[in-house]
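Asks:
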Amino acid sequence: MSDVARKISVPCEVNGERVALEAYPMARLLDVLREQLKLTGTKEGCGEGECGACSVEMDGALVNSCLVPVAQAQGAKIRTIEGVACGDGALHSVQQAFLAYGGAQCGICTPGMILAAVNLLARNPRPDDAQIREGLSGNLCRCTGYMKIFESVVEAMRHSGDAGLRLRTGA
Amino acid sequence: MRAFLPGYHMETPRDLTETLDRIANEPGVWRPFAGGTDLMVLLEAGKLPHKKFLNIWNLRELRGIETSADHVTLGALTTYTQVRRHEILAREFPLLCRAAAETGSVATQNRGTLGGNIANASPAADSPPALLVYDAEIEIVSASGVRWIPYQQFHSGYKQMDLRPSELIRRIRLPRNNYPWKQYFRKVGTRRAQAISKVCFAAAARMDAGRMSDVRIVLGSVAPTVLRAVGVEGMLRGQKPEAAILKAAQDALANEIAPIDDIRSTSHYRRTVARNLLAEFIESLAG
């Protein structure tokens, strides 16, 4: 059947490693990350760009991976939740703050929330309350734990100068 | 039901010339695909009828914001994030920046584009009301030429527009003459982020000796297309922003718009909100 697309090879970088993704061109980046690279930290919530559970960084920009066809990931540098902790295994200050301040409950929204927070602090190391709320506004939490999530981000920001909680700001 | 993925094609042209040649040689077969914030939603829902797309996301010819003495010209692939971060836009075209800031959330703003917002032709789109207030013009290119048209003439009906299958929106141009108009923007939706508008209202007025010497009023989500309320504008021109004219203008506005009941709101609610937003705009001019 001539109208059936062939799988394509999409060279890109995921969490610092060069990979070639093999998929139908309009496969969602979300599915390819999960099923081919087994990076299942990236979650699917709504599948329509409303909930932010599938947030990843693409070339430093926060995106909903459910809305990115894999063909558009060619040459991109992608960071998922698995690539947020430092190379030595130490958790990112945002992750540490989520642990310390109860920012995670059931956990489904957590990877997206953390990506959104890490991305916000990379762009703006000293966000005010309104900017934090805006930075997290694309991420829904069904456990209604928004205040603890918000407080976790505030704490991560406050501790970003501490030796043990240094922010990694590079994308 | 989810889409059958092998049925969907996406190819990436090298440059604008190749893109235009392909849509000229096979008209209607290949359609441009930009940031995907609308099309991917349809794909996942199994409701994307078209099957072949050209990935234009990386076309340099459709990117960048240029300023001259008379215009700010935005590439069609300018994202909402880029609109928000642009200093001249923030200073001289605040309605567009407000619209960008209230579209989706950070992730949507990083991928959604002005050209996509225009070509998707939703009457609930957030940037078109601001673009219409600013008398935007759009540049449409094809393999056989270039044309500029006033954006006001672009949308002719629900999801209908002056764009042939062989054409692509390349740039959007805003004349730099709106300063120091008084400007007003308000999007009414279910919540501040991520909502599709129930009513969107963008307006500007030039004040001379306490009177509105010129006024522009544009609404989204109240008609089959984003609507410039020319009747109300005519009624207000030359008047003082006072209660006396307001009631008549509100009645005229309620007649000029044609909102519907749908999943987001009701016709009645939209008419009421449109009247109230007009009042808020007029009151903002009195100060």
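First to last, the sequence lines map onto chains H and F. So this note's numbering is basically just the index in the first sequence, starting at one, shifted up by 874. So this note's numbering is basically just the index in the second sequence, starting at one, shifted up by 88. For every residue, glycine included, the Cβ atom is placed at its ideal position computed from N, Cα and C.
At the 8 Å Cβ level, is H/D877 part of the contact set with chain F, yes or no?
Replies: Answer yes: the Cβ-Cβ gap between H/D877 and chain F drops below 8 Å somewhere.
Asks: Less than 8 Å between CB atoms is the rule here; does H/C1017 satisfy it with respect to chain F?
Replies: Output row for H/C1017: interface = no.
Asks: From F/R186 to F/L262, what does the alpha carbon distance come to, in whole angstroms?
Replies: Whole-angstrom Cα-Cα distance: 16 Å.
Asks: Going residue by residue through the segment 156 to 225 of chain F, where are the continuous beta strand (DSSP E) segments of at least 3 residues, counting only ones entirely within it?
Replies: Counting only runs of 3 or more, we get 159 to 163.
Asks: Using a Cβ-Cβ cut-off of 6 Å (strictly less than) and excluding sequence neighbours within five positions of F/A346, which residues of its own chain qualify?
Replies: Closer than 6 Å at the Cβ level, and outside the excluded window around F/A346, lie A311.
Asks: Thinking C-alpha only, which one of F/D302, F/G298, F/A283, F/I284 is nearest F/A292?
Replies: With distances taken between Cα atoms, F/A292 lies closest to F/D302.
Asks: Using a 10 Å radius around the Cβ and a threshold of 16 neighbouring Cβ atoms, would you call F/I260 buried or exposed?
Replies: So F/I260 counts as buried.
Asks: Grouping DSSP H, G and I as helix and E and B as strand, with all else coil, what is H/F1024?
Replies: It is helical.
Asks: Examine chain F for any beta-carbon lying closer than 8 Å to the beta-carbon of H/A945, and answer yes or no.
Replies: For H/A945, the answer is yes, since a Cβ of chain F falls inside 8 Å of its Cβ.
Asks: Looking only at C-alpha atoms, which of F/M89, F/D350, F/I348, F/A340 sits nearest to F/L366?
Replies: Of the candidates F/M89, F/D350, F/I348, F/A340, the one whose C-alpha sits nearest the C-alpha of F/L366 is F/A340.
Asks: For F/S210, which residues in chain H fall below 7 Å Cβ to Cβ?
Replies: Neighbours of F/S210 on chain H: none; closest Cβ ~14 Å, over 7 Å.
Asks: Less than 8 Å between CB atoms is the rule here; does F/R199 satisfy it with respect to chain H?
Replies: Closer than 8 Å to some Cβ of chain H, the Cβ of F/R199 qualifies, so yes.
Asks: Beta-carbon separation of F/I226 and F/Y239 under 8 Å?
Replies: Against a cut-off of 8 Å, the Cβ pair of F/Y239 and F/I226 comes out as a contact.
Asks: Could you tell me which chain F residues have their CB closer than 7 Å to the CB of H/M900, listed as they occur along the chain?
Replies: In chain order: L93, Y96, M98, L131.
Asks: Curious, which full-length alpha helix (DSSP H) runs of at least 4 residues does the segment 976 to 1020 of chain H contain?
Replies: Taking only runs of at least 4 residues, the alpha helix (DSSP H) segments lying wholly in the segment 976 to 1020 of chain H are 984 to 997, 1003 to 1009.
Asks: Would F/D158 be called buried (16 or more neighbouring beta carbons within 10 Å of its own) or exposed?
Replies: Looking at its Cβ environment, which holds fewer than 16 other Cβ atoms inside 10 Å, F/D158 is exposed.
Asks: Quick check on the burial criterion: 16 or more other C-beta atoms within 10 angstroms. Buried or exposed for F/N343?
Replies: Exposed.
Asks: Indicate the three-state DSSP secondary structure (helix, strand or coil) for F/I370 in the structure shown.
Replies: The answer is helix: DSSP assigns F/I370 an H, G or I state.
Asks: Can you name the start and end residues of the alpha helix (DSSP H) that F/M128 belongs to?
Replies: From DSSP, the alpha helix (DSSP H) with F/M128 extends over 127 to 132.
Asks: Listing by chain order, which chain H residues have their CB less than 8 Å from the CB of F/G124?
Replies: Result: L941, V942, P943, Q946.
Asks: How about F/W118: is its C-beta nearer than 8 Å to some C-beta of chain C?
Replies: Protein chains in the displayed structure are H and F, and chain C is not among them.
Asks: Would you check if the distance between the CB atom of H/N1013 and the CB atom of H/C980 is smaller than 8 Å?
Replies: Contact: no.
Asks: So is H/N998 in contact with chain F if we call contact Cβ pairs under 8 Å?
Replies: No, H/N998 lies away from the interface with chain F (no Cβ there is under 8 Å from its Cβ).
Asks: Go to F/E323, then tell me how far its alpha helix (DSSP H) extends in each direction, as first and last residue.
Replies: According to the sequence displayed, residue 323 of chain F carries Met and not Glu. Per DSSP, F/M323 belongs to the alpha helix (DSSP H) from 318 to 324.
Asks: Counting contacts by CB-CB distance shorter than 8 Å, is F/V194 in contact with chain H?
Replies: Chain H contact via Cβ: present.
Asks: If you count every other CB in all the chains shown that lies within 10 Å of the CB of H/K912, and 16 or more means buried, which is it?
Replies: By the neighbour-count rule (16 or more Cβ atoms within 10 Å), H/K912 is not buried but exposed.
Asks: Specify the secondary structure class of H/G1044 as computed by DSSP and reduced to three states.
Replies: Only weak support is given to the placement of H/G1044: the predicted model assigns it a pLDDT of 37, under 50, and the question is left unresolved by the model.
Asks: Quick one: which chain H residues come within Cβ less than 7 Å of F/A188?
Replies: None at all; the shortest Cβ gap to chain H is about 13 Å.
Asks: Report buried or exposed for F/Q248, applying the criterion of at least 16 other Cβ atoms within 10 angstroms of its Cβ.
Replies: So F/Q248 counts as exposed.
Asks: Counting C-beta neighbours from all protein chains within 10 Å, is the total for F/I176 16 or more, i.e. buried, or is it exposed?
Replies: F/I176 should be labelled exposed.
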